[in-house]
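Protein chains in written order, with our numbering: chain C, 1 to 106; chain D, 1001 to 1312.
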């Protein structure tokens, strides 16, 4: 158990030394033409990673084009760190009926 | 299959194609489509002296997943079919999804492979899979739509027909496909000087009639474009996107969606999602194909023939 924790701690310390506060991470899965979870609530500064589990490509476009991924083929990922509180809707440009939301708490 | 006012069931369409052997010709006379055996005397008479062109769609160069591991191979088969047509088409319309992921290498393969078509006049409109680059649509436009306006729309005249290429894959709002105000303004101006007797062929990737909005198989402002086309006596709308043949006639407007050369998709609403339809390998070629269209002098209707890769 200790062996697993130590590298993680080292990473955290490195990040802390670099200035930013604790870097949280969260994941969204793209599956069956949907974003899971569809509404994700995170704290400010969270790095959100989308991973495509479908056998067809998708992409991520944040409303207002704050963030925009390239085409994500099967198993491809895209990450964006939300630095400001707010509610961010996003959709898939290939299938614009696929929409999701990230709510960032202050 | 006569007098259709709703999409034709694929099963039904396939039955008809099997019966016809080489496909079904759709003659739209007085707004009512009739199917005619291809190769029959009637079909020959119908198309004599016609201006002949072809629609190819949804090659998805770069696709290689389970639904068709050799999408490049089936695209080449489609090209060979067009090259072998007894009457070479005067032009070819490509209704988009040329590539799968808008990668430069996919565009290169597309250019090289489509370059094998003997007919060199190919007119493109992009699919949503062609505009995924960081500057959306720039890779597509520099290769396939030089000299086009806005996001890639344009028009031209050939064989007495006025052709209009619309782009409905560039709207980056959540929801469904859109033509947009700028393009609609351009369309109104483009059509203004044409006489009502000019046959109009509009081609765009995503269907311009609501087939299944839950899957994005519609264009939210298509009615605004159709309003501009209302005064014309013969309007044919050719779309891709849904990888299957569906047809509808509304007044003077005939709508047709085309088969892909890469992989089939489920019928509207008949699967949890519109993802690629996996079929046994020996059935795949019956669901892929190309379309030829004849403009027959003296007839307001265009004759539309869909041919699968399995057809002789």
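Built from N, CA and C at the ideal position, the CB exists for glycine as well. Here the structure is a predicted model, which means the values were calculated and not measured.
Checking the DSSP bridge columns, you'll see residue 1162 of chain D partnered with D/1157, D/1200.
In the three-state reduction of the DSSP assignment, residue 1220 of chain D falls in the coil class, being assigned neither a helical nor a strand state. Straight-line spacing of the CA atoms in residue 1157 of chain D and residue 1202 of chain D works out to 12 Å.
Within chain D, no C-beta atom comes nearer than 7 Å to that of residue 105 of chain C; the closest sits roughly 23 Å away.
Take the alpha-carbon of residue 39 of chain C and the one of residue 1221 of chain D: they are about 29 Å apart. Counting only the Cα atoms, residue 1079 of chain D lies some 6 Å from residue 1117 of chain D. Measuring C-alpha to C-alpha distances from residue 1241 of chain D to each of D/1115, D/1286, D/1163, D/1128 identifies D/1128 as the nearest. Shown here for residue 63 of chain C: same chain residues with a beta carbon closer than 8 Å to its own, the five before and five after excluded, namely 88, 89, 90, 91 in chain order.
Interface residue (Cβ-Cβ distance to chain D less than 8 Å): residue 97 of chain C is classified as such. If you draw a straight line from the Cα of residue 1072 of chain D to the Cα of residue 1228 of chain D, it is about 38 Å long. In this structure, DSSP gives residue 1060 of chain D a state outside helix and strand, which the three-state scheme calls coil.
If you ignore the 5 residues before and after residue 1291 of chain D, its C-beta comes within less than 6 Å of the C-beta of 1055, 1258, 1306, all in its own chain and listed in chain order. Between residue 56 of chain C and residue 1275 of chain D, the C-beta gap is smaller than 8 Å, which places the two residues in contact. Within the same chain, 1007, 1217, 1218, 1242, 1246, 1257, 1268 come within 8 Å of residue 1211 of chain D by CB-CB distance, once the 5 residues on both sides are set aside. In the three-state reduction of the DSSP assignment, residue 1294 of chain D falls in the strand class, which pools E and B.
The beta carbon of residue 1183 of chain D sits closer than 8 Å to the beta carbons of 1150, 1151, 1153, 1166, 1167 from its chain, once the five residues preceding and following it are set aside; these are given in chain order. For residue 1285 of chain D, the secondary structure class from DSSP, reduced to helix, strand or coil, is coil.
In the three-state DSSP reduction, residue 1138 of chain D falls in the helix class (H, G or I).
Pairing residue 1107 of chain D with residue 1197 of chain D, the inter-Cα distance amounts to about 38 Å. If you draw a straight line from the Cα of residue 1094 of chain D to the Cα of residue 1124 of chain D, it comes to about 5 Å. Taking 8 Å as the cut-off, the beta carbon of residue 1119 of chain D is found closer than this to the beta carbon of residue 1089 of chain D.
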